[in-house]
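Trainee:
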Amino acid sequence: MVSKKKRQRSAQARVRSRVTVQASADPKPTDAQARPTEVPPQPAALSVPPPIPPGFGRIPVHNVQPVLEGGDYAAKAVENGDLPVTANIFREGHDAVAAAVVLTDPAGATQRFEMAQIEPIGLDIWMAWIRVGRPGDYSFHIEAYDDRWGTWRHNAGIKFSVGQDIALVCLEGLQLLDEARDAARAAGDDAAVTLLEQAASQLDPEQPMTVLASLPTREDLHQAMVRWCPRRLATPTREFPLVVHRKAAQFSAWYEFFPRSIGAERHEDGSWTSGTLASSEEMLEHVAAMGFDVAYIPPIHPIGHSFRKGPNNSLTAGPNDPGSPWAIGSADGGHDAVHPDLGTLEDFDHFVARARELGLEVALDFALQAAPDHPWATQHPEWFTTRPDGSIAYAENPPKKYQDIYPLNFDNDPAGIYAEVLRLMEFWIGHGVTIFRVDNPHTKPVSFWAWLAAELHSRHPEVLLQAEAFTRPEMMHALAKVGFHLSYCYFVWRTTKQELSDYLNELAHETESFFRPNFFTNTPDINPKFTRSGNPAAFAIRMILAATMSPAWGVYSGFELFEHAALVDGGEEYLDSEKYEYRPRDFTAEPNLNQLMTKLNRVRHDHPALQQLNHTTVLETSSDQLFAFAKRSGDDRVIVVVNLDPDNTVEGTVYTDLGALGLPADARLVAHDELTDTVFDWNAAHYVRLWPAQPAHILTISWA
């Protein structure tokens with residue numbers, strides 16, 4: 001009995017012999033044709049061609065993304081996360097090309113991710129989603145190559161359908177299958193060897209045309225050939241850096257409070273007993289119970305007395321006024337000291353340890369500025385700007401004056417300032433601080449932050465920097481590129497459907513490889529216009545948007561209690577701002593949004609789709625007061641629909657992009673509302689009705 005392998009070899013031999021016979025039947029050239037009467041001129045010696053820029057080799061690859069500043073800075077990802085890599089890839093003629101992203105991890109191991117061409121096809125855009133592992137310094141490059149299998153599939157599909165060159169097409173395919181089989185055998189992939197040999201046995205002109213026509217369309221065969229068919233004309237790009245941070249660099253929930261207000265007491269004579277780090281541990285328990293990840297506290301250092309600000313930023317402070325925590329430094333010390341009213345350094349250590357027990361990280365405010373009483377003012381006057389009259393320049397933004405703060409001048413003694421700042425960072429890291437919220441980084445040189453971020457990354461890669469930079473986009477983006485992990489952003493001023501849509505698209509699809517936003521609902525400096533009416537629905541709407549649009553979000557205390565009084569009509573400053581006075585609160589006073597915050601944080605932790613920005617799609621709605629978007633991470637899918645009108649009921653249709661959710665067009669969706677525990681049969685075009693008491697749906701999606 002003839003073995004299977006012998007039958008396969010016999011079939012392949014028949015194909016090869018048939019093509020050889022066809023070639024031998026062609027007329028031979030005559031002697032005159034074979035012997036030209038003149039010797040053709042010899043080409044001149046070729047000079048060595050100039051070097052080809054990386055990416056423009058045999059098969060051009062350019063416009064690689066994500067690449068920051070030509071590769072001078074690393075694009076960003078988070079542990080066990082994925083990110084898109086794109087490039088324009090093309091070649092001469094009509095033969096197919098293929099490409100892969102080659103990822104190199106911190107240990108030097110490589111992994112390939114095959115790229116696919118995406119719409120619009122005519123723009124030659126290729127994409128792959130790559131997945132990274134543990135934190136560390138990675139790199140990647142793209143390798144394009146001649147896709148001989150793709151060319152054969154295309155040509156074979158056409159020629160088999162019209163019965164053209166069948167024997168030759170089979171022989172060409174057999175050659176590719178043989179090469180792939182040999183490579184698979186050398187690698188020990190027995191399953192691929194069997195599959196490729198089986199396909200070769202079917203690639204016979206005597207087989208029915210239905211069998212031949214099915215081979216170019218077989219997905220299992222295609223995957224085996226992509227893996228094992230030898231790649232020719234390989235064209236690699238240069239290597240590009242990629243840094244992978246721990247997850248908290250992207251996903252976290254922040255709660256801000258002033259320790260001096262927690263447990264503060266006012267006496268009959270108008271004096272105060274300050275809250276302390278010890279009394280604030282109870283607040284840590286409250287914050288942890290609501291599901292927050294980060295307890296952020298303003299500067300805890302001694303506060304200057306000279307030009308101390310009074311209530312509502314008044315120029316004259318009374319004897320009982322505590323001053324602004326950002327006016328750092330007094331006879332009690334500077335940036336490496338704890339304000340005596342708050343306790344001791346040992347109290348701070350206990351505060352941090354208690355936070356860790358509760359599953360919280362402490363974010364400490366890092367403000368590079370000094371009060372006139374700071375030790376720096378006498379020990380290092382060269383670190384400041386001296387005016388012609390001999391005085392040290394205080395901070396001002398005319399007509400505003402901040403006489404209680406001296407800004408640093410980085411031009412006089414940069415080496416001294418750099419060394420001192422790094423010393424201070426090391427000091428607080430040594431006391432358990434893992435996150436620094438950096439005050440006004442846009443008022444210091446970007447080159448300084450680039451240096452500091454690089455130093456911290458090499459010494460303490462677990463430490464995160466958040467930029468408090470409410471400034472122009474280019475500066476915000478530059479700070480993110482040089483090393484800030486997170487940043488405050490423009491969310492507080494984005495309120496309409498169009499503004500929210502545009503901003504979410506920008507963050508999710510234009511800057512996602514380097515700029516990570518933190519959507520704070522409010523800050524001590526910003527009393528949002530949207531909530532200044534005091535309407536509880538307005539506060540709920542902004543909380544829901546912040547917690548679901550961005551992987552990182554934050555709340556400054558008092559927002560959940562609907563605090564909204566403004567210092568002046570139309571202004572953003574809070575009346576009786578906590579920046580200048582004690583503000584003890586009853587955080588359980590009714591009404592409040594504690595339950596909503598707790599639920600939002602639970603939903604965020606339960607659903608990976610809400611922990612990232614990459615897979616985000618803004619959905620069309622029929623009403624300008626309905627804002628909707630979808631997020632996806634693997635099999636986890638979430639749709640959020642929000643009524644942007646805190647005063648009225650809004651109804652309309654939400655049009656779900658099933659393709660963006662990775663679902664077939666005929667999928668039947670089941671939507672579970674995490675806010676109300678209601679279940680809906682959800683359609684591609686679904687009617688929605690929301691009102692102030694129920695202003696949103698957060699829908700987790702399953703399908704059949």
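Going by the UniProt record's numbering, the sequence shown opens with residue 1, and the numbers climb by one from there. In this text, a Cβ means the ideal position worked out from N, Cα and C, and glycines have one as well.
Confirm, please, whether the CB-CB distance from Glu468 to Asn527 is below 8 Å.
Mentor: Translated into the one-based positions of the sequence shown, residue 527 becomes position 527. Translated into the one-based positions of the sequence shown, residue 468 becomes position 468. No, these two residues do not count as a Cβ contact at 8 Å.
Trainee: DSSP on Gly554, reduced to helix/strand/coil?
Mentor: Within the sequence shown, numbered from 1, the residue matching residue 554 stands at position 554. Strand, per DSSP.
Trainee: Give me the Cα-Cα distance between Asp204 and Leu171, rounded to the nearest whole angstrom.
Mentor: For this step, residue 204 is matched to residue 204 along the sequence shown. For this step, residue 171 is matched to residue 171 along the sequence shown. The alpha-carbon atoms of Asp204 and Leu171 are separated by roughly 8 Å.
Trainee: Just to confirm, are Phe436 and Ala480 a CB contact at a threshold of 8 Å?
Mentor: As a position in the sequence shown, residue 436 is number 436, starting the count at 1. As a position in the sequence shown, residue 480 is number 480, starting the count at 1. No, the pair does not count as a contact, with Cβ atoms beyond the cut-off.
Trainee: In the DSSP assignment, what residue or residues form a beta bridge with Ile125?
Mentor: Position 125 of the sequence shown, counted from the first residue, corresponds to residue 125. The partner list for Ile125 (beta bridge, DSSP) reads Asn88 and Ile118.
Trainee: What did DSSP end up calling Ser702 once you bin it into helix, strand or coil?
Mentor: In the sequence shown, residue 702 corresponds to position 702, counting from 1. Ser702: strand per DSSP, three-state reduction.
Trainee: Secondary structure at Asn522, three-state DSSP: helix, strand or coil?
Mentor: Within the sequence shown, the letter at position 522 stands for residue 522. Here Asn522 sits in coil by DSSP.
Trainee: Please report the straight-line C-alpha distance between Leu123 and Ile701, rounded to a whole angstrom.
Mentor: Taking the first residue of the sequence shown as 1, we reach residue 123 at position 123. Taking the first residue of the sequence shown as 1, we reach residue 701 at position 701. Distance between the alpha carbons of Leu123 and Ile701 is about 34 Å.
Trainee: Looking only at its own chain, which residues have a Cβ that is under 6 Å from the Cβ of Val287, when we skip the five neighbours before and after it?
Mentor: Working through the sequence shown from its first residue, we reach residue 287 at position 287. Only Tyr255 and Ala295 meet the Cβ criterion.
Trainee: Distance check for Lys76 and Thr471, CA to CA, integer angstroms please.
Mentor: Here residue 471 corresponds to residue number 471 of the sequence shown, with the count starting at 1. Here residue 76 corresponds to residue number 76 of the sequence shown, with the count starting at 1. When rounded, the distance between both Cα atoms is 22 Å.
Trainee: Using the C-alpha atoms, what's the distance from Leu342 back to Phe427?
Mentor: Translated into positions along the sequence shown, residue 427 becomes position 427. Translated into positions along the sequence shown, residue 342 becomes position 342. Between Phe427 and Leu342, the C-alpha separation is close to 18 Å.
Trainee: Measure the beta-carbon distance from Asp569 to Pro311 and round it to whole angstroms, keeping in mind my assumption that it falls under 8 Å.
Mentor: As a first step, residue 569 is located in the sequence shown; it is residue number 569 there, counting from the start. As a first step, residue 311 is located in the sequence shown; it is residue number 311 there, counting from the start. Actually they are not in contact, since the Cβ atoms of Asp569 and Pro311 sit about 19 Å apart, beyond 8 Å.
Trainee: Nearest-angstrom Cα distance between Thr386 and Ala395?
Mentor: Translated into the one-based positions of the sequence shown, residue 386 becomes position 386. Translated into the one-based positions of the sequence shown, residue 395 becomes position 395. Rounded to whole angstroms, Thr386 to Ala395 spans 12 Å at the Cα level.
Trainee: Between Ala538 and Asn643, what straight-line distance do the alpha-carbon atoms span, to the nearest angstrom?
Mentor: For the purposes of this step, residue 538 is taken as residue 538 along the sequence shown, with counting starting at 1. For the purposes of this step, residue 643 is taken as residue 643 along the sequence shown, with counting starting at 1. Taking the straight line joining both Cα atoms gives about 10 Å.
Trainee: Once DSSP output is grouped into helix, strand and coil, what is the label at residue 705?
Mentor: Residue 705 lies beyond the stretch modelled for the chain, which goes from 1 to 704, so this question has no answer here.
Trainee: State the Cα-Cα distance for the pair His697 and Ile297, rounded to the nearest angstrom.
Mentor: For the purposes of this step, residue 697 is taken as residue 697 along the sequence shown, with counting starting at 1. For the purposes of this step, residue 297 is taken as residue 297 along the sequence shown, with counting starting at 1. Looking at the two C-alpha atoms, the distance is approximately 32 Å.
Trainee: Cutting at 6 Å between CB atoms, please list the residues of its own chain near Asp321, excluding the five before and the five after it.
Mentor: In the sequence shown, the residue the question calls residue 321 occupies position 321. Closer than 6 Å at the Cβ level, and outside the excluded window around Asp321, lie Gly310.
Trainee: With respect to the beta strand (DSSP E) encompassing Asn397, which residues constitute its N-terminal and C-terminal limits?
Mentor: Along the sequence shown, read from residue 1 onward, the residue named residue 397 stands at position 397. That run of the beta strand (DSSP E) goes Ala395 to Asn397.
Trainee: Buried or exposed: where does Asn155 fall if 16 or more other Cβ atoms within 10 Å of its Cβ makes it buried?
Mentor: To locate residue 155, count along the sequence shown from 1; it is residue 155. That one is buried.
Trainee: Who does Gly333 pair with in a DSSP beta bridge?
Mentor: Indexing the sequence shown from 1 puts residue 333 at position 333. DSSP lists Ser330 as partners of Gly333.
Trainee: Starting from Ile166, trace the alpha helix (DSSP H) in both directions and tell me its first and last residue.
Mentor: Residue 166 sits at position 166 when you count from the first residue of the sequence shown. Ile166 to Ala187 is the extent of the alpha helix (DSSP H) around Ile166.
Trainee: Can you name, in chain order, every residue of its own chain whose Cβ lies under 7 Å from the Cβ of Leu596, other than the five neighbours on each side?
Mentor: Counting from one through the sequence shown, the residue named residue 596 turns up at place 596. Only Ala540 and Met543 meet the Cβ criterion.
Trainee: Work out the CA separation of Trp228 and Thr217 for me, nearest whole Å.
Mentor: As a position in the sequence shown, residue 217 is number 217, starting the count at 1. As a position in the sequence shown, residue 228 is number 228, starting the count at 1. Distance between the alpha carbons of Thr217 and Trp228 is about 17 Å.
Trainee: For Ser533, tell me which candidate among Glu674, His460, Asp647 and Thr621 has the shortest Cα-Cα distance.
Mentor: Along the sequence shown, read from residue 1 onward, the residue named residue 533 stands at position 533. Per the Cα distances, Asp647.
Trainee: Can you tell me where the alpha helix (DSSP H) with Val421 in it begins and where it stops?
Mentor: Start at 1 with the first residue of the sequence shown, and residue 421 comes out as number 421. Its alpha helix (DSSP H) spans residues Pro414 to Ile429.
Trainee: Can you give the Cα-Cα distance for Leu103 and Trp129, rounded to whole angstroms?
Mentor: Your numbering for residue 103 matches position 103 in the sequence shown. Your numbering for residue 129 matches position 129 in the sequence shown. Distance between the alpha carbons of Leu103 and Trp129: 11 Å.
Trainee: For the region 302 to 380, which segments carrying the beta strand (DSSP E) assignment without a break, of at least 3 residues, lie completely within its bounds, in sequence order?
Mentor: Qualifying beta strand (DSSP E) stretches, in chain order: 361 to 366.
Trainee: Specify whether the region 57 to 68 and the region 236 to 252 touch according to this definition: at least 3 beta carbon pairs, one from each stretch, less than 8 Å apart.
Mentor: Enough Cβ pairs lie closer than 8 Å, so yes.
Trainee: In whole angstroms, give me the CA-to-CA distance for Thr616 and His245.
Mentor: The sequence position of residue 616 within the sequence shown is 616, counting from 1. The sequence position of residue 245 within the sequence shown is 245, counting from 1. Approximately 21 Å, taken between the alpha carbons.
Trainee: In chain order, what residues of the same chain have a beta carbon less than 6 Å from the beta carbon of Glu651, not counting five sequence neighbours either side?
Mentor: Sequence index remark: in the sequence shown, residue 651 carries index 651 (1-based). Taken in chain order, the residues that qualify are Arg689.
Trainee: Between Glu285, Asp95, Asp105 and Thr86, which has its C-alpha nearest Glu119's C-alpha?
Mentor: For the purposes of this step, residue 119 is identified with residue 119 of the sequence shown, where counting begins at 1. For the residues Glu285, Asp95, Asp105 and Thr86, the minimum Cα distance to Glu119 belongs to Thr86.
Trainee: Whose C-beta lies closer than 8 Å to the C-beta of Pro340 among residues of the same chain, with five residues either side of it excluded?
Mentor: On the sequence shown, residue 340 is found 340 positions in, with the first residue counted as 1. For Pro340, where only same-chain residues beyond five positions count, the Cβ hits under 8 Å are Pro302 and Asp332.
Trainee: Mark Phe56 as exposed unless 16 or more other C-beta atoms lie within 10 angstroms of its C-beta, in which case mark it buried.
Mentor: Locating residue 56 in the sequence shown gives position 56, where the first residue counts as 1. Classification of Phe56: exposed, given that the 10 Å Cβ count is below 16.
Trainee: Reducing DSSP to helix, strand and coil, say where Pro695 ends up.
Mentor: On the sequence shown, position 695 is the one that residue 695 refers to. Coil.
Trainee: Under 8 Å, with one C-beta from each stretch per pair, do the region 275 to 285 and the region 605 to 615 reach the 3-pair mark?
Mentor: These segments do not touch.
Trainee: Along the chain, where does the beta strand (DSSP E) containing His245 start, and where does it finish?
Mentor: Here residue 245 is taken as the residue at index 245 of the sequence shown, counted from 1. Where His245 is concerned, the enclosing beta strand (DSSP E) stretches over Phe240 to His245.
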